[in-house]
Every structure is written in C-alpha cells, then in structure tokens.
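One point on numbering: in the numbering used here, the residue at position 115 of the sequence shown is 102, and numbering is uninterrupted. Don't be surprised by glycine CBs; every beta carbon is placed ideally from N, CA and C. Computed from a prediction, not measured in an experiment: that's the story for all the values here. Notes to accompany the following structure.
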Amino acid sequence: MSFFEVHDPVFATYVMFNAPVKRLATGLDWAEGPVWFGDQNCLLFSDIPNNRIMRWSEEGLTTFRNPANYTNGHTRDRQGRLVSCEHGGRRVTRTEWDGSITVLADGYQGKRFNSPNDVIVASDGAVWFTDPHYGIMTDYEGFKAPEELPCSVYRIAPDGTVEAVITDMACPNGLAFSPDESRLYVADTGRMFSGDPQHIKVFDMVGGRPVNGRIFHSISPGCADGIRVDSDGNLWSSAADGVHCIAPDGRLLGKILVPEIVSNICFGGRAKHRLFITATTSVYSVILNRRGVQWP
Ligand code: MG
C-alpha cells in the first residue's frame, strides 16, 4: 500500500515513497501532545485517559510520569524545559531541570482556565496556549466543571503576565507560528456537541499580537487538532485519515495516510525531518524530505 496521497506534484518531493509510516508504540487509550527531546533521543507524549506521560525511544516505551494531571499538549521552552498543558490542574506548567514543577499560569483575571490544550513557545520566550473546554466536559476523576472563562488563546509573557490574545474563536485547539513568526495558525475545533464549523484560522502578527484572523483551511475528513509548520512554511495538520500538508496559500498538497485518527504531530529526529504522529491508541513516525521549524 502507499502511505501517501499526492494532491499537488510538489508533495511528491516532500515525502520518500520507500519510507514507511511505522507504528512505534500502541496500547494507549488517547495519545496526544508529542514533543521531541533530541538530547535524550526520545519522544514524550500524553496518554490522557490513563493520566500518564509516556516516553518512547528506540529502546522501547516506558512511563515518564504517572499521575500526570491529565496532560495534553507539550512543548519545550527556549531553555529546553518541558512545558505542559494540564486538563486536571487546569493550568500550564514547566518541568524544571531537577524535576520539580513550576506553574506558569492557572487562571486569568481571578478565574480558572478551562482545560489548557496545546502550547508553543515563541522566540521571545513567551508561552502561547489554547484553552478550549474539552477537558472540563469530560468526567475524568470528577473534574467536570462549568466554564469560568471563554475559550481563548493566551500568551504568558516571560515575566509571567497572562494576556488573552484571541477571544473570538469557538474552541481554539492546536497552534503554530510560521517560520518567521509573521503568522499564527490556530485550529478551531468548535464547541463540543455544537455543530460549530471546524477550520484552521490564520492571523497576521502585528506588534507581537495576532490580528486579521481569517479562515485558512478546513480539514476533511475530521478536523485539525495538532498542527506544525515546516521550514518552507507548509502547515502539517492532524486529520481523521492521517496528516495533511497544506501550502502557505491554503491549498492541500498531499496526505500521509495513517490507520487511526490522528490527534497531534511534532517534528523530531537528528535532522528534524522525522514526523512523529500520535493517533488514538498508537504512535507512528515517518521520515520526510521536509524539516520542522516549530520549536522544539
Ligand atoms: Mg489538541
């Protein structure tokens, strides 16, 4: 079988048709939030329903943290430290070099976040994250709760100041900057059970803030959850049938076909040209002819 579907001839140069989509690990309940640690040659990711962060390397799969406050998305800050979105704690945390956990933000204007979902770190060190309501709509360990804040995108400045930077999306989810940080992409997966339209929006970054939000692309089948950008500015998005590659002008270029619904992705490997894919019960990877730029 082919692992790829070409919609634009350029996509044929982005993939290596003899490079398989490999299943690296399975037996998970909902794999999410992959983040690559090149210095340890391993991938960390969340297995949300089982309340654990897993660690995959060529030596196998082990548990990195359990319990883990039901983490979802992860990234690394500019010092390489793990930054995590917690559904259980309704907060964004940083794991220090000694293993202790620092809370970066757990609320805004005196109210608790909903359930921080995905996170990126900008070149100035600011932490950007989305706060949809999915986590508190789910009754894991009884933390189903009413929303205290609208589902928004937040920025945590290096000095810790929290600011709501996008407040007019239904349910912001995955997010990514373009290589030069002139654009911000945010997936809107809509409010649960609402029938809201689902699409990826793009914003122009002006004065360090996102403006002029507009629809960039609508993923089908399924919807965009996690997204990442390669060094040419192409956007790679999760979808129900795999990973879709979308040009900076919004055109679908091609697909990586994955046999499970994909939640999230990240680039990794020594050359940043290995795409790691969390997909329902499993984690996959595939070697590409593109390199990721999204930090890390
Ligand atoms: Mg997500």
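Just to confirm my understanding: we take phenylalanine 118, look at its own chain, exclude 5 residues before and 5 after, and list those with CB closer than 8 Å. What are they? The question names phenylalanine, but residue 118 in the sequence shown is aspartate. Within the same chain, aspartate 118 has close Cβ partners Phe100, Asn101, Ser102, Pro103, Asn104, Leu136, Cys138, Ser139, Val140, Tyr141, Pro159.
Per DSSP, isoleucine 107 is paired with what? Trp115
If glycine 237 and histidine 204 are in contact, beta carbons under 8 Å, what's the gap, nearest whole angstrom? Right, the Cβ-Cβ distance comes to about 5 Å (below 8 Å), so this counts as a contact.
Tell me, which residues are paired with serine 71 by DSSP? Under DSSP, serine 71 takes part in a beta bridge, and its partners are His61, Thr80.
Under the DSSP definition of a beta bridge, which residues are partnered with methionine 192? Pro197
Looking only at C-alpha atoms, which of Glu150, Pro36, Gln66, Asp155 sits nearest to threonine 125? Pro36
Quick check: does the Cβ of aspartate 105 come within less than 7 Å of any heavy atom belonging to the ligand MG? Aspartate 105 Cβ: within cutoff of the ligand MG.
Terminal residues of the continuous beta strand (DSSP E) containing isoleucine 35? Per DSSP, isoleucine 35 belongs to no beta strand (DSSP E) and is neither H nor E.
By how many angstroms is the C-alpha of glutamate 19 removed from the C-alpha of tryptophan 84? 23 Å
Terminal residues of the beta strand (DSSP E) in which proline 21 lies: Per DSSP, proline 21 belongs to the beta strand (DSSP E) from 18 to 24.
Residues sharing a beta bridge with cysteine 253, DSSP: According to DSSP, cysteine 253 bridges with Phe263.
Determine the extent of the beta strand (DSSP E) in which glutamate 304 is found, giving its start and end residues. Absent from the structure is residue 304, since the part of the chain shown begins at -12 and ends at 283.
In or out: threonine 58 buried (at least 16 other Cβ within 10 Å) or exposed? buried
Those runs of the beta strand (DSSP E) which lie wholly inside the segment 114 to 165 and span at least 3 residues: 114 to 118, 139 to 143, 149 to 153, 159 to 164
Should glycine 60 be counted as a contact of the ligand ADP given a C-beta to heavy atom distance under 7 Å? The ligand ADP is absent from the structure shown, which contains only the ligand MG.
Any chance the CB of asparagine 251 is under 7 Å from a heavy atom of the ligand MG? yes
Residues in the same chain with beta-carbon distance under 8 Å from lysine 131, minus the five sequence neighbours each way, listed in chain order, please. Result list for lysine 131: Ile123, Met124, Thr125, in chain order.
As assigned by DSSP and simplified to three states, the class of alanine -1: helix
Confirm the yes/no value for this check: CB of aspartate 183, any heavy atom of the ligand MG, distance under 7 Å. no
If you pair each beta-carbon of the segment 264 to 273 with each one of the segment 178 to 193, do three or more pairs fall below 8 Å? no
If you draw a straight line from the C-alpha of aspartate 167 to the C-alpha of proline 197, how long is it? 14 Å
Roughly how many angstroms lie between the CA atoms of arginine 257 and alanine 211, to the nearest whole one? 27 Å
Go ahead and label threonine 80 buried or exposed: buried means 16 or more other beta carbons lie within 10 angstroms of its beta carbon, across all protein chains shown. buried
Count the other CB atoms, across all protein chains shown, that sit within 10 Å of the CB of threonine 62; report buried if there are 16 or more and exposed otherwise. The residue in question, threonine 62, is buried, as its Cβ has 16 or more Cβ neighbours within 10 Å.
Tell me whether leucine 15 sits in a helix, a strand or coil according to DSSP, three-state version. coil
What does the Cβ neighbour count give for arginine 78, buried or exposed, with the cut at 16 atoms within 10 Å? buried
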